[in-house]
Amino acid sequence: MTGPDGIPPDTSAAISVRGLTKSFGDFVAVDGIDLDVPRGQVFGFLGPNGSGKTTTIRILTGTSAPGSGRALVLGEDVVAHPERVRPRIGYMSQKFALFEDLTVQENLRFYAGVYDLAPEVFAARRDYVLRMADLVGREDELTRNLSVGWRQRLALGAATIHEPDLLFLDEPTSGVDPVARRQFWDLLYELAGRGVTLFVTTHYMEEASHCHRLAFIYRGRIVAEGNPHEIRATLVTQRVYDVTVRDADLALAWLETAEGVVESYLSGAALHAVVDRAADAGAEALQARLAAAGFPDAQVEPVEPTIEDVFVNLVSRERDAEAGGRGG
Numbered sequence: 001m002t003g004p005d006g007i008p009p010d011t012s013a014a015i016s017v018r019g020l021t022k023s024f025g026d027f028v029a030v031d032g033i034d035l036d037v038p039r040g041q042v043f044g045f046l047g048p049n050g051s052g053k054t055t056t057i058r059i060l061t062g063t064s065a066p067g068s069g070r071a072l073v074l075g076e077d078v079v080a081h082p083e084r085v086r087p088r089i090g091y092m093s094q095k096f097a098l099f100e101d102l103t104v105q106e107n108l109r110f111y112a113g114v115y116d117l118a119p120e121v122f123a124a125r126r127d128y129v130l131r132m133a134d135l136v137g138r139e140d141e142l143t144r145n146l147s148v149g150w151r152q153r154l155a156l157g158a159a160t161i162h163e164p165d166l167l168f169l170d171e172p173t174s175g176v177d178p179v180a181r182r183q184f185w186d187l188l189y190e191l192a193g194r195g196v197t198l199f200v201t202t203h204y205m206e207e208a209s210h211c212h213r214l215a216f217i218y219r220g221r222i223v224a225e226g227n228p229h230e231i232r233a234t235l236v237t238q239r240v241y242d243v244t245v246r247d248a249d250l251a252l253a254w255l256e257t258a259e260g261v262v263e264s265y266l267s268g269a270a271l272h273a274v275v276d277r278a279a280d281a282g283a284e285a286l287q288a289r290l291a292a293a294g295f296p297d298a299q300v301e302p303v304e305p306t307i308e309d310v311f312v313n314l315v316s317r318e319r320d321a322e323a324g325g326r327g328g
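Each step along the sequence shown adds one to the number in this note's numbering, with nothing skipped, and position 105 is 105.
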């Protein structure tokens, strides 16, 4: 079995995709992607809303058929034999898929029934999930009374109660506070340490640095792939500066039109300015230019590019290329 480019999918990988496409009418949601996800890793699948992340997951979980291409999941053709794949995978979405009018234990019992777990297996897995999610003693509490962070842990437990080899998590930390997100990622690393492969979509760029490997998808196409270090190295021809200034909005407007500044955007409480190395005169020169432009309080420091910097750069590059194509 080979892909459109003649390269066969990797049967040793947890996920191996070749030439995968999916369209809805004239809209191309997934545009001929190739992807390999090693087993036992946390794989981050990043992209803006509408870029094709969820559509790709639906294909890989066997709930949507691709228009063309090949997809192996845990060594099985998920299009031809989805029934062989589904018992071995778990899925958790940003909506958590819990029944709020059921108790913690009733939710776990429901999902155990979905996967046809024997009573003795369920008892052992329930005890593990309650300990993992730190919900011991809250088994009879209604799910609706749990905080978002606790519901998130319960949803993770429900998605893994059948001990899947591969877990899909579609923006699972959306709306969760930073402390709960950090605790959740600790649980994901625990699962990866047990040999589970995790395929995670997220729009929190700081979470991407926790992944072993990343792929960026934009308008249905993979535009970058690699480990976090390799991804950050794609900005080798540019330098990133952190700019702190009282009037950030006006300073941002100035940076957006300043000569030599490729990109500028808010990054936390500061601004980030991306400058071509060929035109870069250093932090002091940029600070002097800001002062001359009416921002005497501006402080400029060089920083290592973050995953967010790369993400913004990639999206800007793709948009510029599209605009150039239309203009031509």
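Every residue, glycine too, gets a C-beta built ideally from N, C-alpha and C.
Three or more beta-carbon pairs separated by less than 8 Å link the stretch 94 to 102 to the stretch 137 to 157, which places the two stretches in contact. Here Val-200 is near Leu-169, since their CB atoms are less than 8 Å apart. DSSP places Glu-120 in the uninterrupted alpha helix (DSSP H) bounded by 119 to 132.
Gly-113 and Asp-10 have their C-alpha atoms roughly 33 Å apart. Pairing Gln-41 with Thr-197 gives a Cβ-Cβ distance under 8 Å. Here Asn-313 is buried. Its C-beta has 16 or more other C-beta atoms within 10 Å. Between Glu-139 and Val-104 a beta carbon distance of about 5 Å is seen, short of the 8 Å cut, so the two are scored as contacting.
In summary, Tyr-91 is buried, with 16 or more beta-carbon neighbours lying within 10 Å of its beta-carbon over all protein chains present.
One Cα belongs to Phe-45, the other to Ala-292, and the distance between them is close to 42 Å.
Note that the C-beta distance between Ile-161 and Tyr-189 is not below 8 Å. Taking the Cα of Ala-29 as reference, the smallest distance to any Cα among Glu-207, Ser-209, Ala-279, Leu-20 is reached at Leu-20. Leu-266 sits exposed, since fewer than 16 C-beta atoms from the chains shown fall within 10 Å of its C-beta.
Straight across, the Cα-Cα distance linking Ser-16 with Val-73 is about 7 Å. Look at Leu-188 here: in three-state DSSP terms it is helix. Leaving aside the five residues that flank Leu-135 on each side, the residues in its chain whose CB is nearer than 6 Å to its CB run, in chain order, Val-104.
At a Cβ-Cβ threshold of 8 Å, Arg-88 and Leu-166 count as neighbours.
Excluding the 5 residues flanking it on each side, Gly-195 has same chain C-beta neighbours closer than 7 Å at Gly-40, in chain order. One alpha carbon belongs to Phe-27, the other to Ala-80, and they sit about 25 Å apart. The beta carbons of Leu-214 and Pro-228 sit about 6 Å from each other, so the pair counts as a contact at 8 Å. Going by DSSP, Pro-302 is part of the beta strand (DSSP E) stretching over 299 to 303. Note on the stretch 154 to 234: whole alpha helix (DSSP H) runs with a minimum of 4 residues are 178 to 193, 205 to 208, 228 to 232, in chain order.
Apart from the 5 residues on each side of it in sequence, Trp-150 has no Cβ closer than 6 Å to any other Cβ in its chain. Our two residues, Val-243 and Ile-222, have alpha carbons roughly 31 Å apart in a direct line. Excluding sequence positions up to five before and after Leu-35, its CB lies within less than 7 Å of the CB of Ile-15, Val-17, Ala-215, Ile-222, all in the same chain and listed in chain order.
Look at the stretch 42 to 77 and you find these whole runs of beta strand (DSSP E), each 3 residues long or longer: 42 to 46, 68 to 73. By the neighbour-count criterion, in which 16 or more other beta carbons inside 10 Å mark a residue as buried, Thr-61 falls on the buried side. DSSP places Val-85 within a helical segment (H, G or I) once states are collapsed to three. The residue from His-203, Ala-279, Ala-270, Glu-259 with its alpha-carbon nearest to that of Val-176 is His-203. Secondary structure note for Ala-270: its beta strand (DSSP E) is the uninterrupted segment 270 to 276.
Your pair Gly-47 and Ile-217 checks out as a contact, with CB atoms roughly 4 Å apart and the cut at 8 Å.
Cβ neighbours of Met-205 within its own chain (closer than 8 Å, five residues either side excluded): Leu-46, Thr-306, Ile-307, Glu-308, Phe-311. Cβ contact annotation for Val-315 (same chain, cutoff 8 Å, sequence separation greater than five): Pro-48, Tyr-218, in chain order. Spanning the alpha carbons of Ala-159 and Ala-283 requires a straight line of approximately 48 Å. One alpha carbon belongs to Tyr-241, the other to Arg-181, and they sit about 28 Å apart.
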